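First the structure, in the form of C-alpha cells, and then the observations on it.
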Amino acid sequence: MIFNMRKLLFLFLLPAINASGLAQTSEPMNSNLRPDTVFVYYLGGQSNMEGFGYNKDLPPEMNKAIRNVWIFNGNHVPDNGSGGGLGLWTELKPGNGTGFSSDGKSNTYSERFGPELSFGLTIARHYPGEKIALIKYARGGTSLQYKPSAFGTWNPEFYFGNGQNQYDFFLRTVHSALSESDIDGDGIRDILIPAGIIWMQGESDADHTIETAGLYKANLKQMMQLFRAALHSKNLPVVIGLIADSKMDEDGKMMDYLEIVQQAQREFVLEDKHSTIVESTLEYSFLPDKWHYSSANYIDLGEKFAEAAVRLMLDGK
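With positions in the sequence shown counted from 1, the corresponding number in the numbering used here is that position plus 1019.
Encoded structure:
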C-alpha cells in the first residue's frame, strides 16, 4: 500500500528518541541532577478505551490522583476537526473518560473513567518507586477501515476534507507528549522509555459490512506497525482487548460480523510474537446503552491490560 506521504513525513519528524530513550528537546534542565527514567504506555482505540465508567463507583484508592503516574490525554475530535491531539501532562486521576477535553493549556475532566486508572495503578504497583507515564488518544465509534464510521477513521490513507483523521490526531498527541522532557515539572529531566501499546477497538469494524470486518486483520497489523514506528520501537509489546457483544439487540447480536473481527484479533496475536490478547471482556456486563462496560469491568480491564503488559515485558517479548 502506498502511504500518504504527508503523514509519513510527519511520522519521521516526531521527536527522535536516542539510545537511552530520551525525547530530544531544547528545554534547559538542571544537568547536575540525575535524570528520571519513565516507562511510557500508549492507550488507544474507541469508546471502551475512552471509558464510560462512573467516577462515583470508584474505590477510594482510585478516586484520587495516582502517585507517580502521569497521563497525556489527547483531545479527541471528529475527522477534520480542530484541536485534535491537544493535551498536557498531568497526574493520573478520575475524569479521563468520555467527556474529557483539553485545549493544550488546561484539561476539562468528566465524571467518567476508562481502563487508564486501574492500568496505571497496577503498573505502578509492579514497579514501586518508578515514574509511569500514559499517553492516551481514543475516540468512540471510530474504525480502522476507511469510511465505515461517521465518528472517524484511523486509516492513514485519508484524503477527505483537510486530510486530518484519527491517525493524525494520534501522531499529534504522541508528538506533543514526547516533546516534553520534564513531564512532572520537578526540574529533573525525564528519560521516556516506550514500554507498550494497549489497544481496545474493533466494534465499529464488526458492525459495518462483511468486507470491512474481513479487512480488519490487515488494518490492525498496519496500525500497530505505524504505532510502533511513532514510538520508535519496532518490537514494542502490544496488548489487544478482544471485542465483546452485549447480545442486547433483537436478534441477540449487536455486531453482525463480531466473530470475524474477534478471529482477526486472535490471529494477529498468534502471528505477532510481541503481542498478547485480553479476553476477560467476554464475561463483562454492559450498561443500558448496550455498548459500554460497567464501572467494575473498566477497573478489571485496566488491571488485566497491565498484568498482560508486565508479562510481555518479563517474557522479553
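All C-beta atoms in this analysis are idealised placements derived from N, C-alpha and C, irrespective of residue type, glycine included. Please read all numbers here as calculations on a predicted model, not as lab measurements.
In the three-state reduction of the DSSP assignment, TYR1303 falls in the coil class.
Bridge pairing for LEU1140: absent [DSSP]. The beta-bridge partner set that DSSP reports for ASN1092 consists of LYS1155. Around the beta-carbon of LYS1083, fewer than 16 other beta-carbon atoms lie within 10 Å, marking it exposed. LEU1289 places its beta carbon 8 Å or farther from that of ALA1249. Scanning its chain for C-beta atoms nearer than 8 Å, with the 5 sequence neighbours on each side dropped, one finds around LEU1077 the residues PRO1113, PHE1132, LEU1136, SER1314 and ILE1318, in chain order.
Within the DSSP bridge table, the entry for SER1125 names no partner. Looking at the backbone, the Cα of THR1231 and that of ASN1067 are separated by about 20 Å.
GLY1116 is not a Cβ neighbour of LYS1155, given a cutoff of 8 Å.
Contact check for ILE1207 against LEU1052 passes: the beta carbons are separated by less than 8 Å. Spatial neighbours of ILE1296 in its own chain (CB-CB distance under 7 Å, excluding positions within 5 residues in sequence) are listed in chain order as ILE1259, LEU1261, GLN1284, ARG1285 and VAL1288. Contact check for LEU1277 and ALA1328: beta-carbon distance about 25 Å, past the 8 Å limit, so the pair fails to qualify.
TYR1303 is positioned such that its CB atom lies closer than 8 Å to that of ALA1263. The beta carbon of ASP1098 lies closer than 6 Å to those of GLY1171 and ASN1184 in the same chain, with the five residues before and after it left out.
Taking every protein chain shown into account, the CB of LEU1333 has fewer than 16 other CB atoms within 10 angstroms, so this residue is exposed. Bounds of any beta strand (DSSP E) do not take in GLU1176, whose DSSP letter is neither H nor E. For LYS1253, the CB contacts under 6 Å within the same chain, skipping 5 residues up- and downstream, are ARG1247 in chain order. The alpha-carbon of LYS1150 is positioned some 44 Å away from that of ILE1229. The Cβ-Cβ distance between ILE1217 and LEU1111 does not fall below 8 Å. CA-to-CA, the gap between HIS1227 and MET1274 works out to about 8 Å. In this structure, the straight-line span from the alpha carbon of ASP1308 to that of THR1161 is close to 17 Å. Taking 8 Å as the cut-off, the beta carbon of THR1300 is found closer than this to the beta carbon of LEU1320. A straight-line Cα-Cα distance of about 14 Å links ASN1316 and LYS1075. Between HIS1311 and VAL1257, the C-beta spacing is not below 8 Å. For TYR1128 and THR1109, the gap between their C-alpha atoms comes out near 11 Å.
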